[in-house]
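J.: The structure under discussion is supplied below as structure tokens; questions concerning it will follow.
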């Protein structure tokens, strides 16, 4: 078995062996597994007669019918024994004969290493006869009457010299006839090794093939379209570039300017011939487009993205950004929503930080490690904020106070004070709005009082005089410079604050006679809206108005203000929001009287013209109209 062991070791090392040798190795494995002694001796009483099999193999996967196993007592011989006994020589010769038959079927000779390893030095005539019987029996049909084992025993009994010379041989063969294999499989892999399933290929799903065809068709269509456009434009490209530059430099439409801006960027970057001569859009056109975006109304989030694109393109082209562009970007960063949120404030603050550090617009929102921050190439020089910048931040912080908190406003005011920046009238108006929103009417009235003192000085000296008011404002980091007087925004903010919280009165001045008279200003729609909102929130129905000291949020006073509201210029536009506030005010002060509300609706319809986009919708105004006019007669005949 030495050659077989060498072949097994060679196979484990990955060496390539011919096919006959591999077959010989596998056969030797079966023989070696059988020699391990998976046999048990049968009791003598159950052995049966001489017709019992020489070997009863039950594990067909381990031992074939051409190579029966050797019993346990033959396998466990003494190590010093050199000569093989008759049964072992028989099995070796049987295996040689089996290998020769297989080699003839394959058309190859396998008398190499395997046959040399299984050869026996001396074989007598008796063993040749046994081998001949075994070969002949193997070629017969499986339905033969006489078993192979009985013929082998008969051949052994023909030689009396063999039996007389050694009386133990027959006893040993008799013991062999009393043995059989255990039916249980061994714990190790015996016989033909198990082979894993092959990795089968898979096909591309039909859905993926369909999508790939769609992508291919789309790319082909776009390529044809681009090629057609290139052939059509061709030599007209210079004139098209000039025309779009004229549009970008003269138009007042943001959409037209944006279309020309996108066309110029795409055309310059797509054609090397144009890019080699015209690197980018001229800087004056870019700065003008930035101003156009800053002045456009309404302010939306789309405008913020467009201005951010223009400023980023300017920096990439080597241009220098101006402070006005940064201020406009801060304003648009927090615009576009009905209610300013903390995300809008954070976006505006990130733009502010980028302005102070000289980073690319919009890049300060992403935190970078310190080592990369130092290596960042800053083409823009840092810019210090001005009054407009900080006032804008103050206004944004005032609008974004979801909870009643003035910390953001106070921080901005302290920063402006430390930098020596004046608050200005816009900043004071923002403070009026912020403190009024937080129900700090005392600060609102103090700011207005100091502003009114700058126009008409107060002569009163004593407790709570104008000097005490100035000191109280300084504690809040609010400094009102001399010469700043209120404007219509100031009056509107004060009226809105007082009306919202149910406070009566209006901004008044002391006349020459000492009487307090209203300030000289024309009321606007925001002022009337603030007053109507005060009636809607604080109105008192007539049946409950019994106290003469009750504030004048009554239906009679509302009718007087409503008559003045109808006297506004003819081009005044009545919005749905203002219409809802007016109807809510009359509903509260009249105790939901349908007659009064129906009269008010008809008056507003005849004066301004009420047009609802969807009369049958479930909006509040549509429901109110169907309630007031069940027959859909919303307009008088």
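Residue numbers (mature numbering (1 follows the signal peptide of the UniProt record, and there is no 0)): -16 to -1, 1 to 621.
Where a beta carbon is used, it is the ideal one built from N, C-alpha and C, also for glycine.
Between which two residues does the alpha helix (DSSP H) harbouring residue 444 extend?
T.: Neither: residue 444 is in no alpha helix (DSSP H) and is coded neither H nor E.
J.: With a threshold of 8 Å, are at least 3 pairs of Cβ atoms found where one atom belongs to the segment 548 to 559 and the other to the segment 575 to 586?
T.: no
J.: Assuming residue 485 and residue 438 are in contact, meaning their beta carbons sit under 8 Å apart, how far apart are those beta carbons, in whole angstroms?
T.: In fact, because the Cβ distance is near 25 Å, the residues do not count as touching under 8 Å.
J.: Residue 272 and residue 233 - do their beta-carbons sit closer together than 8 Å?
T.: Closer than 8 Å, so yes.
J.: At what residue ranges does the segment 246 to 278 contain a whole run of the beta strand (DSSP E), taking only runs of 3 or more?
T.: Whole beta strand (DSSP E) segments, 3+ residues: zero.
J.: Does the count of Cβ pairs from the segment 396 to 404 and the segment 376 to 383 closer than 8 Å reach three?
T.: Enough Cβ pairs lie closer than 8 Å, so yes.
J.: Given a cut-off of 8 Å on the beta-carbon distance, is the pair residue 516 and residue 565 in contact?
T.: yes
J.: Specify the secondary structure class of residue 537 as computed by DSSP and reduced to three states.
T.: coil
J.: What did DSSP end up calling residue 556 once you bin it into helix, strand or coil?
T.: coil
J.: So within the segment 544 to 608, which uninterrupted alpha helix (DSSP H) runs reach at least 4 residues, ignoring any that extend past its ends?
T.: The qualifying runs are 560 to 573, 578 to 591.
J.: Taking the alpha helix (DSSP H) that residue 293 belongs to, which residues open and close that run?
T.: Taken as a continuous stretch (DSSP letters only), the alpha helix (DSSP H) holding residue 293 covers 285 to 300.
J.: Take every Cβ of the segment 403 to 415, pair it with every Cβ of the segment 444 to 454, and state whether three or more of those distances are shorter than 8 Å.
T.: With a cut-off of 8 Å, the segment 444 to 454 and the segment 403 to 415 do not count as touching, because too few Cβ pairs lie within range.
J.: By Cβ distance below 7 Å, which residues in the same chain neighbour residue 269 in space, the five residues on each side in sequence not counted?
T.: 229, 232, 233
J.: Just to confirm the assignment, what range does the alpha helix (DSSP H) spanning residue 309 have?
T.: Per DSSP, the unbroken alpha helix (DSSP H) holding residue 309 starts and ends at 307 to 317.
J.: Please give me, in chain order, every unbroken run of the alpha helix (DSSP H) with length at least 4 that falls completely inside the segment 398 to 435.
T.: 408 to 421
J.: Please check the pair residue 572 and residue 520, which I expect to be a contact at CB under 8 Å, by giving their CB distance rounded to whole angstroms.
T.: 6 Å
J.: In angstroms with no decimal places, state the Cα-to-Cα distance between residue 206 and residue 382.
T.: 50 Å
J.: Three-state secondary structure (DSSP) at residue 624?
T.: There is no way to answer for residue 624, as the model of the chain reaches only from -16 to 621.
J.: Classify residue 79: buried if its beta carbon has 16 or more other beta carbons within 10 angstroms, exposed otherwise.
T.: buried
J.: Between which two residues does the alpha helix (DSSP H) carrying residue 487 extend?
T.: The continuous stretches of alpha helix (DSSP H) do not include residue 487, and DSSP gives it neither H nor E.
J.: Based on Cα-Cα distance, which residue from 461, 390, 434 lies nearest to residue 400?
T.: 461
J.: Short of 8 Å in beta carbon distance, which residues of its chain neighbour residue 464, apart from the five on each side in sequence? Order them along the chain.
T.: 407, 412, 431, 434, 435, 438, 454, 457
J.: Could you name the residues of the same chain whose beta carbon sits closer than 6 Å to that of residue 312, not counting the 5 residues immediately before and after it, in chain order?
T.: 278
J.: Who are the Cβ neighbours of residue 481 in its own chain at under 6 Å, not counting the five residues just before and after it?
T.: 420, 428
J.: So, for residue 305: in the same chain, excluding its five sequence neighbours on each side, which residues have a beta-carbon less than 7 Å away from its beta-carbon?
T.: 295, 298, 299, 364
J.: So which of 301, 467, 340, 195 has the shortest CA-CA distance to residue 314?
T.: 340
J.: Got a sec? Which residues, its chain only, sit under 6 Å from residue 335 by beta carbon, not counting five neighbours each side?
T.: 313, 314, 317
J.: Could you pull the start and end residues of the alpha helix (DSSP H) that residue 524 belongs to?
T.: It is not in any alpha helix (DSSP H) - residue 524 carries neither H nor E in the DSSP assignment.
J.: Quick check on DSSP: helix, strand or coil for residue 236?
T.: coil
J.: By DSSP, does residue 366 sit in helix, in strand, or in coil?
T.: Residue 366 falls in the coil class under three-state DSSP.
J.: Would you kindly work out how many angstroms separate the C-alpha atoms of residue 614 and residue 607, rounded to a whole number?
T.: Distance between the alpha carbons of residue 614 and residue 607: 10 Å.
J.: Going by beta carbon distance, what residues of the same chain come within less than 6 Å of residue 258, once the five residues before and after it are set aside?
T.: Excluding residues within five positions, the ones whose Cβ falls inside 6 Å are 252.
J.: Considering only the alpha carbon of each residue, which of 469, 568, 473 lies closest to residue 518?
T.: 568
J.: Measuring CA to CA, which of 537, 467, 372 is closest to residue 307?
T.: Measuring from the Cα of residue 307, the nearest candidate turns out to be 372.
J.: Of the residues 559, 292, 320, which one's Cα is nearest the Cα of residue 285?
T.: 320
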